[in-house]
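Chains as they are written, first to last, in the working numbering: chain Z, 38 to 219; chain D, 1048 to 1233.
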């Protein structure tokens, strides 16, 4: 069954709060893995409302849902520029989904959304160098590795490289045509 | 104010708006013109004046470059310097491409490198250039910046897409290299 991307709603709060116990989710939302206690509810509401603002803003969150099991992750659309028709995406997937096949499936649904729904010219993704499953998924999906920013994010006092991938609409369309032929 | 052999570099002021506005030339796409979402932004002179009047935005990060005769030749920026991220973006916008090959330009980048690495103790400086900014790119490379890679067709302006290259300079690499003239604070 195909994954669906949709705006987070109030009914999803329980799932989001559940994910807050995952350091990866806290890092995804706040940039660090520290426990966030009291302001959590406000932060969550911020996440919910940013999905509404995406038509005019530069950032928005969308829930990734598997119709058979419910929400499995979140994608944030960043640096969205309607003039350049480009954006960057960042993904969070729940711990049970962080293996090659689900990552690739989620990323494919995000790319489809970027090109088919948002009609963008280009989609990019930045992956930390130690996230090998995400790197592999980018390569398999046909992203082009464009840049490596050395020691670009700090984690536990250590600099981690960030690898940037990009996909142009023409590349997306030709990959899709090849899949259709196969 | 920093007084060098070829330049006077000082905090930008609202009265610089007219001279500075000349740099915002839409017919000449430059990375300097890119806003946070990498879109080409051309402010009006009034917006420019208002922005330069905001001390919280300008102070310590946005500088006017004068030559020794007092003429404004451009501006330079140290953008987003935060200790926790340990890097910042540098931007040097001069009034002509040829100016990047002059000692004036060398003095400007030395000023930014000193501010980033010595004063703010950053680990890395990053810079960006569009595919048409060959002289600006050569200038950055001459000062030790190394390419991180090229983001293809990132910026749409004047009916075409431009690639955007990212370059970086690490503190360690900077300390290992020796560049030109000394700049004195006054």
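Built from N, CA and C at the ideal position, the CB exists for glycine as well.
Scanning D/1161, D/1099 and D/1115 for the CA closest to the CA of residue 1062 of chain D turns up D/1099. Looking at D/1072, D/1132, D/1093 and D/1150, the one whose alpha-carbon comes closest to that of residue 186 of chain Z is D/1132. Not a single CB atom of chain Z sits nearer than 8 Å to the CB of residue 1137 of chain D. For residue 1162 of chain D, same chain residues with a beta-carbon under 7 Å away, outside a window of 5 residues either side, are 1125 in chain order.
Close partners of residue 44 of chain Z in chain D (Cβ separation under 8 Å) are lacking, with about 21 Å as the shortest Cβ gap. Interface annotation, residue 1195 of chain D: in contact with chain Z, CB-CB separation under 8 Å.
Within the region 1083–1110 of chain D, the alpha helix (DSSP H) runs of at least 4 residues that lie entirely inside it are, in chain order, 1092–1100 and 1102–1105. What residue 144 of chain Z touches in chain D, judged by beta-carbon distance under 8 Å, is nothing: the nearest beta carbon there is about 18 Å away. Residue burial is scored here from C-beta neighbours: residue 1171 of chain D has at least 16 other C-beta atoms within 10 angstroms and is therefore classed as buried. In the structure shown, the three-state DSSP call for residue 38 of chain Z is coil.
Any Cβ of chain D closer than 8 Å to the Cβ of residue 188 of chain Z would place that residue at the interface, and such an atom is present. For residue 1208 of chain D, no alpha helix (DSSP H) segment is defined; the enclosing uninterrupted segment is the beta strand (DSSP E) at 1207–1217.
Minimum Cα-Cα distance from residue 1048 of chain D among the listed residues D/1113, D/1088, D/1069 and D/1087 corresponds to D/1113. Secondary structure in the region 102–152 of chain Z: the beta strand (DSSP E) runs of 3 residues or longer, each lying completely within the stretch, are 107–118 and 123–130 in chain order. In this structure, the straight-line span from the alpha carbon of residue 53 of chain Z to that of residue 99 of chain Z is close to 12 Å. Contact with chain D is absent for residue 192 of chain Z, since none of that chain's Cβ atoms lies less than 8 Å from the residue's Cβ. Contact annotation: the region 124–134 of chain Z touches the region 103–116 of chain Z, with at least three C-beta pairs closer than 8 Å. For residue 1089 of chain D, the number of other beta carbons within 10 angstroms of its own is below 16, and it is reported as exposed. Taking a C-beta cut-off of 9 Å against chain Z, the contacting residues of the region 1164–1187 of chain D are 1170, 1171 and 1173, listed in chain order. Of the residues D/1198, D/1214, D/1200 and D/1053, the one whose Cα lies closest to the Cα of residue 1191 of chain D is D/1214. Setting aside the 5 residues that flank it on each side, residue 1195 of chain D is surrounded in the same chain by 1213 and 1215, each with a C-beta closer than 6 Å to its C-beta; the list follows chain order. The DSSP-derived three-state label of residue 1070 of chain D is coil. If you check each beta-carbon in the region 1094–1116 of chain D against every beta-carbon of chain Z, none falls closer than 7 Å.
For residue 135 of chain Z, same chain residues with a beta-carbon under 7 Å away, outside a window of 5 residues either side, are 170 in chain order.
Shown in chain order are the members of the region 112–130 of chain Z whose Cβ falls below 8 Å from a Cβ of chain D: 116, 117, 118, 120, 121, 122 and 123. Put simply, the backbone Cα of residue 166 of chain Z is about 27 Å away from that of residue 122 of chain Z. Taking a beta-carbon distance threshold of 8 Å, residue 201 of chain Z counts as an interface residue toward chain D.
Non-local beta-carbon contacts of residue 1138 of chain D in its own chain, meaning distances under 6 Å to residues more than five positions away in sequence, involve 1079 and 1124 in chain order.
Just so you know, the alpha carbons of residue 1209 of chain D and residue 55 of chain Z end up roughly 43 Å apart. Residues of chain D with a Cβ closer than 7 Å to the Cβ of residue 64 of chain Z do not exist, since the nearest Cβ in that chain sits about 14 Å away.
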